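Going by the UniProt record's numbering, the sequence shown runs without a break in its numbering and finishes at 282.
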Amino acid sequence: MNTTPSALRIGWRRGLIELRQSFTNPADLVSHFLWPVLMLIVMYFLRDNAFGSSGFLLGTLALPSILGMNAALGMISMSQQLTADREDGTLLRAKAVPRGMQGYLVGKVVSVAGSTLADLAILLIPALFIIEGLSIEGAAPWLNLSWVLVLGLAATLPIGAVLGSIFTSARAQGLVQLPMLGMMAISGIFYPITSMPDWLQAIAQLTPIYWLGLGMRSALLPDSAVAIEIGASWRHVETVAVLGIWAVLGLLIAPIVLRRMARRESGSTVAHRREKALQRVG
Numbered sequence: 001m002n003t004t005p006s007a008l009r010i011g012w013r014r015g016l017i018e019l020r021q022s023f024t025n026p027a028d029l030v031s032h033f034l035w036p037v038l039m040l041i042v043m044y045f046l047r048d049n050a051f052g053s054s055g056f057l058l059g060t061l062a063l064p065s066i067l068g069m070n071a072a073l074g075m076i077s078m079s080q081q082l083t084a085d086r087e088d089g090t091l092l093r094a095k096a097v098p099r100g101m102q103g104y105l106v107g108k109v110v111s112v113a114g115s116t117l118a119d120l121a122i123l124l125i126p127a128l129f130i131i132e133g134l135s136i137e138g139a140a141p142w143l144n145l146s147w148v149l150v151l152g153l154a155a156t157l158p159i160g161a162v163l164g165s166i167f168t169s170a171r172a173q174g175l176v177q178l179p180m181l182g183m184m185a186i187s188g189i190f191y192p193i194t195s196m197p198d199w200l201q202a203i204a205q206l207t208p209i210y211w212l213g214l215g216m217r218s219a220l221l222p223d224s225a226v227a228i229e230i231g232a233s234w235r236h237v238e239t240v241a242v243l244g245i246w247a248v249l250g251l252l253i254a255p256i257v258l259r260r261m262a263r264r265e266s267g268s269t270v271a272h273r274r275e276k277a278l279q280r281v282g
């Protein structure tokens with residue numbers, strides 16, 4: 001009997017339950033709204049500042065990039081949740097059920113992707129009333145935004161799953177966040193990447209974060225804004241190629257890493273991690 005459809009249905013329901021819980025828990029609600037509110041404040045103060053002699057406002061240029069950054073933050077959330085579920089034994093319980101790991105991962109993808117999309121909406125909707133100069137007329141911008149988001153999440157969430165499998169404690173997540181923040185700093189989020197040194201531009205283009213931001217800018221900015229991009233081009237083909245490569249690599253590597261991680265999980269390892277956590281608290 002093929003239990004895969006059943007695992008997918010269970011995972012889908014599990015993800016929706018986790019998503020609903022995250023919007024009814026006060027602490028999670030603060031997390032959902034705090035970052036978008038901070039970004040809105042930043043863009044509000046940048047809204048009248050121009051980028052050099054280009055005539056474009058920094059707030060207008062920053063909004064699509066920040067949306068791309070927020071989408072990329074889904075991989076950090078995925079990593080943190082996987083690590084937390086290892087520590088409290090959730091993964092061990094999922095492992096004990098037939099196809100439980102498959103259902104668990106489907107649920108986690110649904111909940112993290114849903115939370116990410118909700119956070120993007122919390123940021124984008126009020127920003128449309130604050131930021132001027134966006135190109136959002138008609139269906140084309142929203143269709144472009146949709147494919148960039150889907151491909152971007154496919155490229156980043158598997159990376160988060162791999163990182164969550166590698167790092168065994170919540171404290172080790174700092175090793176994930178610091179490089180992520182560094183990549184965001186050089187990826188053209190808050191200032192056009194063409195104003196940075198060539199070697200930083202080259203490093204940024206190796207990451208999915210830059211391409212997510214570029215794809216968002218191509219969807220929401222007017223065509224004339226392409227003049228301040230690398231090569232004065234939106235580089236749609238390159239965006240699809242780079243994000244696609246990251247997605248394929250992640251989808252190939254993540255299941256292998258997750259299976260190996262699940263095989264190492266046992267009651268004794270969970271108890272050992274719990275004991276160490278209690279010692280840190282004590």
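Even for Gly, the Cβ is constructed at its ideal location relative to N, Cα and C.
From a predicted model like this one, the values you see are computed outputs, not experimental measurements.
By DSSP, does residue i sit in helix, in strand, or in coil?
i: Leu57; result: strand
i: Ala247; result: helix
i: Ala27; result: helix
i: Ala50; result: strand
i: Gln21; result: helix
i: Met196; result: coil
i: Asp88; result: coil
i: Val110; result: helix
i: Val97; result: coil
i: Pro126; result: helix
i: Gln102; result: helix
i: Leu8; result: helix
i: Phe33; result: helix
i: Gly231; result: helix
So residue i and residue j are in contact, right, with Cβ under 8 Å, and what is the actual spacing, rounded?
i: Thr239; j: Leu258; result: At roughly 28 Å, the Cβ-Cβ gap does not stay under 8 Å, so Thr239 and Leu258 are not in contact.
i: Leu212; j: Ala72; result: 6 Å
i: Phe167; j: Thr83; result: 6 Å
Could you tell me the distance, in whole angstroms, from the CA atom of residue i to the CA atom of residue j?
i: Gly231; j: Val110; result: 37 Å
i: Ala7; j: Ile209; result: 31 Å
i: Trp142; j: Arg264; result: 44 Å
i: Gln81; j: Gly55; result: 42 Å
i: Asp88; j: Tyr104; result: 14 Å
i: Gly98; j: Lys108; result: One detail in the question is off: residue 98 reads as Pro in this sequence, not Gly. If I take the Cα positions, the gap works out to 17 Å.
i: Phe129; j: Ala96; result: 50 Å
i: Arg235; j: Gly188; result: 15 Å
i: Val150; j: Leu206; result: 19 Å
i: Glu137; j: Pro222; result: 10 Å
i: Pro255; j: Val176; result: 20 Å
i: Leu16; j: Ser22; result: 10 Å
i: Val242; j: Asp85; result: 31 Å
i: Val237; j: Pro26; result: 42 Å
i: Ile186; j: Ala204; result: 6 Å
i: Ser146; j: Met78; result: 21 Å
i: Ala139; j: Ser218; result: 14 Å
With the cut-off set at 8 Å, would you say residue i and residue j are in Cβ contact?
i: Leu67; j: Leu124; result: yes
i: Ile64; j: Leu220; result: For the record, residue 64 in the displayed sequence is Pro; it is not Ile. Yes.
i: Leu58; j: Pro126; result: no
i: Asn144; j: Thr116; result: no
i: Met216; j: Val162; result: no
i: Val112; j: Gly74; result: yes
i: Ile245; j: Pro192; result: no
i: Gly160; j: Ile253; result: no
i: Glu132; j: Thr194; result: no
i: Val106; j: Trp12; result: yes
i: Leu46; j: Ala62; result: yes
Could you tell me which of the options sits nearest to residue i, measuring between CA atoms?
i: Ser31; options: Asp223, Pro5, Ile122 and Ile189; result: Ile122
i: Arg20; options: Ala94, Gln81 and Gly114; result: Gly114
i: Val248; options: Glu132, Ala94, Thr207 and Ala155; result: Ala155
i: Ser135; options: Gly74, Ala225, Ala72 and Trp211; result: Ala225
i: Gly152; options: Leu46, Leu16, Gly250 and Val42; result: Gly250
i: Pro260; options: Arg14, Leu175 and Leu92; result: Here the sequence assigns Arg to residue 260, which means Pro is not the residue at that position. Per the Cα distances, Leu92.
i: Met101; options: Met43, Ile10 and Pro26; result: Ile10
i: Ala118; options: Tyr44, Leu29, Gln201 and Ser233; result: Leu29
Under 7 Å from any heavy atom of the ligand ZN, does the C-beta of residue i make it?
i: Ile189; result: The ligand content of the structure shown is nil, which means the ligand ZN is not present either.
Shorter than 8 Å from the beta carbon of residue i to some beta carbon of chain C?
i: Gln177; result: Among the protein chains of the structure shown there is no chain C, as only one such chain exists.
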